[in-house]
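Residues in the first sequence are numbered consecutively from 284, following this note's numbering.
In this text, a Cβ means the ideal position worked out from N, Cα and C, and glycines have one as well.
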Amino acid sequence: MRLSHYFLPTLKENPAEAQIASHRLMLRAGMVRQGAAGIYTWLPLGLRVLKKIEQIVREEQDRAGAIEVLMPTIQSADLWQESGRYEDYGKEMLRITDRHGRESLYGPTNEELITDIFRREVHSYKDLPKNLYHIQWKFRDEIRPRFGVMRGREFLMKDAYSFDLTAEDGVNSYNAMFVAYLRTFARLGLKAIPMRADTGPIGGDLSHEFLIIADTGESEVFFDKEFLTMEAPVDTPDSDAGLQKIVDTWTKPYAATEEMHDADKAAGAGELVSGRGIEVGHIFFFGDKYSKPMKASVQGPDGKPTNVQMGSYGIGVSRLVGGIIEASHDENGIIWPESVAPYKVGLMNLGAKSEDCTAACDTLYAELQAAGIEVLYDDTKDGAGAKFANMDLIGLPWQIALGPRGLKNGAVELKNRATGEKTEVATADIVKQLAA
RNA sequence: CGGGGAGUGGCGCAGCCUGGUAGCGCACCUGUUUUGGGAACAGGGGGUCGCAAGUUCGAAUCUUGUCUCCCCGACCA
Numbered sequence: 284m285r286l287s288h289y290f291l292p293t294l295k296e297n298p299a300e301a302q303i304a305s306h307r308l309m310l311r312a313g314m315v316r317q318g319a320a321g322i323y324t325w326l327p328l329g330l331r332v333l334k335k336i337e338q339i340v341r342e343e344q345d346r347a348g349a350i351e352v353l354m355p356t357i358q359s360a361d362l363w364q365e366s367g368r369y370e371d372y373g374k375e376m377l378r379i380t381d382r383h384g385r386e387s388l389y390g391p392t393n394e395e396l397i398t399d400i401f402r403r404e405v406h407s408y409k410d411l412p413k414n415l416y417h418i419q420w421k422f423r424d425e426i427r428p429r430f431g432v433m434r435g436r437e438f439l440m441k442d443a444y445s446f447d448l449t450a451e452d453g454v455n456s457y458n459a460m461f462v463a464y465l466r467t468f469a470r471l472g473l474k475a476i477p478m479r480a481d482t483g484p485i486g487g488d489l490s491h492e493f494l495i496i497a498d499t500g501e502s503e504v505f506f507d508k509e510f511l512t513m514e515a516p517v518d519t520p521d522s523d524a525g526l527q528k529i530v531d532t533w534t535k536p537y538a539a540t541e542e543m544h545d546a547d548k549a550a551g552a553g554e555l556v557s558g559r560g561i562e563v564g565h566i567f568f569f570g571d572k573y574s575k576p577m578k579a580s581v582q583g584p585d586g587k588p589t590n591v592q593m594g595s596y597g598i599g600v601s602r603l604v605g606g607i608i609e610a611s612h613d614e615n616g617i618i619w620p621e622s623v624a625p626y627k628v629g630l631m632n633l634g635a636k637s638e639d640c641t642a643a644c645d646t647l648y649a650e651l652q653a654a655g656i657e658v659l660y661d662d663t664k665d666g667a668g669a670k671f672a673n674m675d676l677i678g679l680p681w682q683i684a685l686g687p688r689g690l691k692n693g694a695v696e697l698k699n700r701a702t703g704e705k706t707e708v709a710t711a712d713i714v715k716q717l718a719a
């Protein structure tokens with residue numbers, strides 16, 4: 284993409300409304316603009332990151348056997364009255380009345396809707412297990428939205444729902460998601476720690492939150508130092524026992540959020556670290572909490588109807604954009620992990636008024652594209668300093684600087700954004716090196 | 001919802017106390033000179049000061065109301 288044809292409104296100064304790093308940097312890097320409190324427009328650069336995260340989440344859900352659907356944002360109040368949550372959910376739920384006076388709502392979550400789909404279509408234990416997910420915008424009318432997209436009112440979330448005949452099978456489905464989450468966060472370049480969690484309004488008795496550690500996290504967390512060196516599973520076991528083993532490994536060391544922290548239990552554990560955490564995923568197994576009131580049952584082998592055992596599994600996709608920045612930035616800007624970077628490399632023409640230099644940059648740009656490398660090409664007439672500063676701000680993993688000086692030597696300067704390391708690379712070799 | 005703060009060109013701010021021609025930096029436009037870490041000079045465009053009432057000869061400035069945004073707390077992917 285040529286910057287001269289792109290839409291990247293960066294800011295040199297810090298907007299007054301943004302307090303924390305990710306919010307500030309997302310505004311400055313031209314990723315988002317606020318519409319109302321906790322509601323954002325995603326500009327091109329931010330949208331690319333959002334889509335990349337979404338895709339990684341999707342791939343890992345698919346790998347774990349979940350099947351993608353897409354449920355609507357607007358739901359009828361009927362189903363919520365059936366589950367009893369229409370009253371329970373309170374003011375956080377945005378309620379809407381349509382022209383016919385029908386009570387509706389902008390979905391804050393989808394347990395009711397998916398349970399309704401399931402009960403209408405699935406009637407036999409032979410069709411189990413099933414895990415259906417979607418990636419959709421949600422709305423929760425938070426009392427106080429803050430921290431940009433990390434705590435917005437409108438947010439993009441992946442939510443999966445598992446259906447099993449027995450509680451034992453349900454735990455297997457839960458474990459499969461647990462492992463998928465470890466893999467997902469690792470691919471996003473994050474160190475996420477599973478912590479036993481309170482089940483809140485979703486309900487149930489088995490639940491883990493996945494938190495990434497960052498100074499600006501919303502809750503205080505305590506965890507065994509061991510987590511910092513644990514590696515996410517590379518292969519996904521295809522046996523229930525294999526899954527259980529991984530879950531056991533990851534739930535054995537002590538880890539708890541403030542509200543679940545038990546100083547006595549922690550005392551017997553390993554070397555404890557405390558810090559602040561950002562919740563990026565939350566999984567629940569809640570048995571028949573919804574299937575019972577909503578009569579979602581299948582016929583078992585014995586011919587008797589049985590309420591299905593359910594679990595639900597959320598990942599805050601839009602929150603992750605902010606979360607990744609919190610975990611990966613410096614004083615100059617964002618440092619994207621390569622897996623979610625909006626472009627892999629930024630090409631800067633430092634001699635935009637020289638025909639030779641521009642021709643060399645145009646050629647290199649075409650070659651990079653031909654090699655399938657995602658490149659943002661700063662072909663504007665801005666000064667060199669402004670180009671460097673902008674590239675650092677938007678945080679692409681690699682920067683190529685090509686100006687009159689390099690043109691003379693047949694070399695470009697390649698900079699690694701994360702390490703700051705700069706190397707001279709022969710222009711002829713640069714594409715090959717980046718493609719590797 | 002309780003407590004605190006703020007609304008003045010696109011962004012960051014000053015002016016308000018003590019009412020009297022709306023200002024600065026950045027950004028933007030034109031020209032000239034520059035050109036490897038946010039260039040220089042000259043010229044220029046853009047704001048009914050969140051909104052509404054009130055006080056006054058006169059309101060960005062004083063009074064009242066209202067809306068919005070931000071921060072702290074309780075709540076949350």
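In this structure, proline 412 keeps its C-beta atom at 9 Å or more from the C-beta atom of serine 359.
Taking the Cα positions, glutamine 527 is about 21 Å away from valine 340.
Cβ-Cβ separation between glycine 606 and isoleucine 561: approximately 5 Å, consistent with a contact (criterion under 8 Å). Per DSSP, the beta-bridge partners of arginine 285 are Tyr660. According to DSSP, residue pairing for glutamine 592 in a beta bridge involves Asp447. In the DSSP assignment, serine 387 falls within the unbroken beta strand (DSSP E) covering 386-389. Looking only at Ala684, Leu690 and Gly689, the smallest Cα-Cα distance to leucine 697 is reached by Ala684. In summary, arginine 402 is buried, with 16 or more beta-carbon neighbours lying within 10 Å of its beta-carbon over all protein chains present. Counting of Cβ neighbours within 10 angstroms places arginine 385 among the exposed residues, the total staying below 16. Remark: C-beta atoms of methionine 376 and aspartate 442 do not approach each other more closely than 9 Å. Within 10 angstroms of the beta-carbon of glutamate 541 lie fewer than 16 other beta-carbons, which makes it exposed. By the beta-carbon neighbour count (other beta carbons within 10 angstroms, threshold 16), alanine 624 is buried.
Beta-bridge analysis with DSSP links lysine 698 to Gln682 and Lys705. By the neighbour-count criterion, in which a residue is buried when 16 or more other Cβ atoms sit within 10 angstroms of its Cβ, leucine 511 is exposed. Within its own chain, the residues whose Cβ lies closer than 6 Å to the Cβ of tryptophan 681, once the five positions on either side in sequence are excluded, are Val628, listed in chain order. CA-CA distance, isoleucine 495 to proline 520, rounds to 24 Å. Looking from the CA of glutamate 650, the closest CA among Glu621, Gln716, Met593 and Ile677 belongs to Gln716.
For threonine 380, the three-state secondary structure derived from DSSP is strand.
Only residues of its own chain outside the window of five on either side were considered, and among them Glu365, Ser366 and Gly367 have a CB closer than 7 Å to the CB of proline 576, listed in chain order.
By the criterion of a C-beta distance shorter than 8 Å, lysine 335 is surrounded in its chain by Ser622, Val623, Ala624 and Pro625, once the five residues flanking it on both sides are discounted. Beta-bridge partners assigned by DSSP to asparagine 632: Leu685. Here arginine 466 has Glu343 and Ala515 as same chain residues with Cβ atoms under 6 Å from its own Cβ, once five neighbours each way along the sequence are excluded.
By alpha-carbon distance to serine 580, the top candidate from Trp619, Ala643, Asp410 and Thr702 is Asp410.
If you look at threonine 324, you'll find it in the beta strand (DSSP E) that goes 322-325.
Serine 557 carries a strand assignment under DSSP once its states are collapsed to helix, strand and coil.
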